[in-house]
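Everything below concerns the one structure shown next.
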Amino acid sequence: RKEVEQDPGPFNVPEGATVAFNCTYSNSASQSFFWYRQDCRKEPKLLMSVYSSGNEDGRFTAQLNRASQYISLLIRDSKLSDSATYLCVVSLNYGGSQGNLIFGKGTKLSVKP
Amino acid sequence: EADIYQTPRYLVIGTGKKITLECSQTMGHDKMYWYQQDPGMELHLIHYSYGVNSTEKGDLSSESTVSRIRTEHFPLTLESARPSHTSQYLCASSEYGTGWRNTEAFFGQGTRLTVV
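Chain order of the listed sequences is A and B. Every letter in the first sequence is one number past the one before it in the working numbering, and letter 37, counting from 1, is 38. Every letter in the second sequence is one number past the one before it in the working numbering, and letter 3, counting from 1, is 1094.
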């Protein structure tokens, strides 16, 4: 079983739609959670960190459910510029030290006019 | 914009050649990483470093080697390139945050390597 699994995608949505991405992680020792965005043939960039209480940044809302080992990203009022691949990222806690970032395969979003 | 740079951006090279992919960052980050990513696939960590003179192998076995003689520089070397090494190589860096919480990783633009 992969350590980080995401919806396979691609998601093809019209402008203005609300879209939700899901992600599950296998290791309960995971401590840090992120969503990164990767445009076609570009490097990944941090979209937002995910906090236990959930957090929002404009049109983007991230949720974490530790009991179910589940992370979600909600995008409201989709824009054409949101078209990209969204990567779910987790890291483990090794005895109080930072673990390395583990990337999911990503979910491709295509927003159409 | 992140201050992390990779050269070359694109490299086409013959089998058996030795190559070094360069990565430099000017943010003073202690932690640096090399990831390998095939088209449409996930990133795989192949090497990382906690600081000068520290190098560790990542989750994906790789025939490449790395060195960290200076904080800002983390080159990756392939002694004898093969077609199976064809891929995109992404370098990243991050601060070494306090406690267990990870900090943001900044990526370079990547090197697309083709071995013919």
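Backbone N, C-alpha and C define an ideal beta-carbon position, used for all residues, glycine too. Note that the structure is a prediction, hence the values are computed from the model and not measured.
Measure the alpha-carbon distance for residue i versus residue j and round it to whole angstroms.
| i | j | result |
| --- | --- | --- |
| W1125 (chain B) | I1137 (chain B) | 6 Å |
| G1131 (chain B) | A1196 (chain B) | 20 Å |
| L102 (chain A) | S1171 (chain B) | 28 Å |
| A68 (chain A) | D1150 (chain B) | 26 Å |
| L1112 (chain B) | E57 (chain A) | 38 Å |
| G55 (chain A) | L65 (chain A) | 6 Å |
| E1154 (chain B) | E4 (chain A) | 23 Å |
| L1134 (chain B) | L1102 (chain B) | 19 Å |
In this structure, does DSSP put residue i in helix, strand or coil?
| i | result |
| --- | --- |
| D83 (chain A) | helix |
| P1174 (chain B) | helix |
| I1137 (chain B) | strand |
| A21 (chain A) | strand |
| G1119 (chain B) | coil |
| L1102 (chain B) | strand |
| K46 (chain A) | strand |
| F12 (chain A) | strand |
| Y1187 (chain B) | coil |
| C41 (chain A) | coil |
| G100 (chain A) | strand |
| V90 (chain A) | strand |
| Y1 (chain A) | Residue 1 (chain A) falls outside the range modelled here, since chain A spans only 2 to 114, and no answer is possible. |
Comparing alpha-carbon positions, which option in the options lies nearest residue i?
| i | options | result |
| --- | --- | --- |
| Y1187 (chain B) | B:L1151, B:T1156, B:Y1141 | B:Y1141 |
| D78 (chain A) | A:F61, A:Y87, A:K106, A:C24 | A:F61 |
| P9 (chain A) | A:P15, A:V91, A:G59, A:T86 | A:T86 |
| T1194 (chain B) | B:L1112, B:I1110, B:M1123 | B:M1123 |
| Y1139 (chain B) | B:T1177, B:R1173, B:D1121, B:Q1128 | B:D1121 |
| L74 (chain A) | A:F22, A:Y37, A:D58 | A:F22 |
| L1204 (chain B) | B:D1094, B:K1109, B:T1146 | B:K1109 |
| L48 (chain A) | A:N13, A:G55, A:R42, A:R38 | A:R38 |
| Q70 (chain A) | A:T19, A:L110, A:S92 | A:S92 |
| G1201 (chain B) | B:Q1128, B:V1103, B:G1107 | B:Q1128 |
| C24 (chain A) | A:S82, A:G59, A:F34 | A:F34 |
| E16 (chain A) | A:F104, A:S31, A:S82 | A:S82 |
| Q1179 (chain B) | A:S31, A:E44, A:Q32, A:T108 | A:E44 |
Classify residue i as buried or exposed, calling it buried when 16 or more other Cβ atoms lie within 10 Å of its own Cβ.
| i | result |
| --- | --- |
| G1105 (chain B) | exposed |
| G1208 (chain B) | Given a span of 1092 to 1207 for chain B in the structure shown, any question on residue 1208 (chain B) remains unanswerable. |
| K106 (chain A) | buried |
| C89 (chain A) | buried |
| L1175 (chain B) | Reading off the sequence shown, one finds Ser at residue 1175 (chain B), where the question assumed Leu. With fewer than 16 other Cβ atoms within 10 Å, it is exposed. |
So with CB distances below 8 Å, who are the chain A contacts of residue i?
| i | result |
| --- | --- |
| Y1139 (chain B) | N101 |
| G1149 (chain B) | N101 |
| M1118 (chain B) | Going along chain A, no residue has its Cβ under 8 Å from M1118 (chain B), so there is no contact; the nearest lies around 14 Å. |
For residue i, which residues in chain A fall below 9 Å Cβ to Cβ?
| i | result |
| --- | --- |
| L1136 (chain B) | N101, L102, I103, F104 |
Find the residues of chain B that neighbour residue i, judging by a C-beta separation of less than 7 Å, and give them in chain order.
| i | result |
| --- | --- |
| E44 (chain A) | L1181, F1198, G1199, Q1200, G1201 |
Under 9 Å Cβ-Cβ, which residues of chain B neighbour residue i?
| i | result |
| --- | --- |
| L47 (chain A) | E1195, A1196, F1197 |
Along chain A, in chain order, which residues have C-beta atoms closer than 7 Å to that of residue i?
| i | result |
| --- | --- |
| E1133 (chain B) | F104, G105, K106, G107 |
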